[in-house]
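If you count by our numbering, then the sequence shown holds residues 4 to 381, one letter each, in order.
From the three backbone atoms N, C-alpha and C, an ideal C-beta is built for every residue, glycine too.
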Amino acid sequence: MTDPKPRGRWKWLLAAIVILGGVLVFLDELEDTADIAEAIKPPSFPLVSVISAQSSSHAGKVHGFAEIKPRWSATLSAAVSGRIIEVSDHSLAGEQVKQGDSLIRIEDSNFRFNLAQAQQRLSEAELALVQAKNKSEVARKQIARGKTIEATDLALHLPQMRIAEHALAASKVQVEAAREQLRSTVITAPFSGFVTKRDVSPGQTVTAGQALLSLVDDQRFDLEVSLGNADWMLLSKPWDRHTAKLFSQTDQFLGTARIRRGGGFLDAQTRQRKLFLEVIEAKPGLIQPGAFVKVELNGREIEQTLRLPESTLTREGDIWYVDPENRLRRFKADISYREGAHVVVRAPETSTTLDVVRNPLGSFLPGLQVSPRKVEDQ
4 MTDPKPRGRW KWLLAAIVIL GGVLVFLDEL EDTADIAEAI KPPSFPLVSV ISAQSSSHAG
64 KVHGFAEIKP RWSATLSAAV SGRIIEVSDH SLAGEQVKQG DSLIRIEDSN FRFNLAQAQQ
124 RLSEAELALV QAKNKSEVAR KQIARGKTIE ATDLALHLPQ MRIAEHALAA SKVQVEAARE
184 QLRSTVITAP FSGFVTKRDV SPGQTVTAGQ ALLSLVDDQR FDLEVSLGNA DWMLLSKPWD
244 RHTAKLFSQT DQFLGTARIR RGGGFLDAQT RQRKLFLEVI EAKPGLIQPG AFVKVELNGR
304 EIEQTLRLPE STLTREGDIW YVDPENRLRR FKADISYREG AHVVVRAPET STTLDVVRNP
364 LGSFLPGLQV SPRKVEDQ
């Protein structure tokens with residue numbers, strides 16, 4: 004009899020070969036399907052984020068820096084010589100004074116005496132003129148009554164009367180000069196401000212022209228802004244209708260200034276033009292003489308420009324955009340204004356709307372096919 008075990012083994016072996024063949028056929032068909040799927044998959048292009056920018060007119064701001072200067076700054080000097088008998092507490096360095104405040108007094112007895120003498124000479128001159136007029140009138144009447152004296156200027160005492168008139172005028176001027184010298188013994192503040200320096204002390208003898216103290220204005224302030232030719236051309240004109248905003252170094256708003264004049268000449272050293280401004284409105288205590296401030300001026304409106312995030316600008320100064328065929332293009336940025344995190348650049352002449360790349364890469368090449376994705380400008 005034949006052993007049934009070898010026959011069973013052959014059956015299992017044949018079944019295994021059939022199953023293996025089926026698996027191989029399945030894998031071959033699966034590979035063909037994957038190849039077909041891969042063959043019909045569309046090509047993948049780099050994804051870029053773009054911003055839709057519309058060409059239009061933009062009016063930006065022109066910025067400069069300036070030092071706050073007091074309009075008035077003076078060193079008060081003695082107009083007369085004498086001994087100082089009083090130095091007011093207002094005249095100490097750092098003190099704030101008002102216009103007309105008494106600061107320093109000089110001993111005035113000699114000047115009161117000079118004024119009294121001048122007033123006496125004035126009275127004598129007035130009397131001499133009255134006497135001269137009286138003599139002239141008497142002489143005129145005598146000649147009129149038929150006296151033989153000829154009616155000459157000398158006979159009518161006219162030269163004496165003219166001398167008396169000139170003497171009276173001189174006496175009046177002397178009185179005014181003596182009175183002015185007496186007033187000059189009291190040194191008062193010519194304007195409101197701060198005392199920055201005191202040079203004298205009580206009991207000190209000073210001479211005419213000697214410095215007494217220094218004073219700076221605290222009410223009116225001026226600024227000078229220097230602008231290069233490019234910024235100058237961006238200014239909105241005329242200036243007499245425009246104001247400027249003042250900011251601190253930390254961008255805190257300080258006040259408003261009005262443009263007085265500017266542009267009449269070039270600075271000999273910097274070759275820049277100057278604008279002269281005056282502060283017309285300021286927050287109390289924020290405007291200080293000597294402080295440096297940022298000045299924001301109104302710029303003129305420029306047509307056919309794009310307002311873009313600063314991130315669209317490459318280090319080389321290029322702006323990349325996507326053309327209608329989804330290919331990368333670029334143009335050199337001609338920056339008109341900078342506004343915080345944005346720049347205003349002149350648009351290419353042939354375009355009114357551009358899909359600008361928000362964050363261009365250094366690997367970009369002109370003509371590269373990309374897949375644009377529009378995002379909002381933030």
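CA nearest to the CA of D202, picked from T210, A214, P193, D337: It is A214 whose Cα lies nearest to the Cα of D202.
Beta-carbon proximity list for V373, same chain, < 8 Å, skipping 5 on both sides: Closer than 8 Å at Cβ, skipping near neighbours: F48, P49, L50, V51, V325, N329, R330, L331.
Beta-carbon contacts of T317 that lie in its chain and below 6 Å, excluding the five residues immediately before and after: Shown here for T317: same chain residues with a beta carbon closer than 6 Å to its own, the five before and five after excluded, namely P363 in chain order.
Runs of beta strand (DSSP E) lying entirely within the stretch 53-132, each at least 3 residues, in chain order: Qualifying beta strand (DSSP E) stretches, in chain order: 59-70, 76-80, 85-90, 105-109.
From L311, N232, E284, residue whose alpha carbon lies closest to that of R274: Answer by Cα proximity: N232.
Proximity winner among T191, A350, E306, relative to S105 (alpha-carbon distances): Comparing Cα-Cα distances from S105 to each of T191, A350, E306, the minimum goes to T191.
Whole-angstrom C-beta distance between A336 and I322, which should lie under 8 Å: Going by Cβ atoms, the distance from I322 to A336 rounds to 5 Å, so yes, they are a contact pair.
Distance between G97 and T384 (C-alpha atoms, nearest Å): Because the chain in this structure spans residues 4 to 381, residue 384 falls outside the shown range and cannot be described.
Pairwise C-alpha distance: R333 and R361: Answer to the nearest angstrom: the Cα atoms are 13 Å apart.
Candidates A121, A285, R86, of which the one nearest I71 by Cα: Among A121, A285, R86, the Cα nearest to that of I71 belongs to A285.
Chain-order list of residues whose beta-carbon lies under 8 Å from that of A42 (same chain, five-residue window excluded): In this prediction, A42 scores a pLDDT of 47, lower than 50, which makes its location untrustworthy; the coordinate-derived value is nonetheless stated afterwards. Excluding sequence neighbours, A42 sits near nothing in its chain.
Proximity winner among L218, T208, I54, relative to R74 (alpha-carbon distances): Nearest option by C-alpha distance: L218.
Cβ-Cβ distance between S60 and E352 below 7 Å: Here S60 is not near E352, since their CB atoms are 7 Å or more apart.
Residues of its chain near P375, where Cβ-Cβ distance is below 7 Å and the 5 sequence neighbours each way are ignored: Closer than 7 Å at Cβ, skipping near neighbours: V51, V53, V325, N329, D358.
Given S229 as reference, the closest of Q122, K144, Q123, A271 once Cα atoms are compared: The shortest C-alpha separation from S229 is found at A271.
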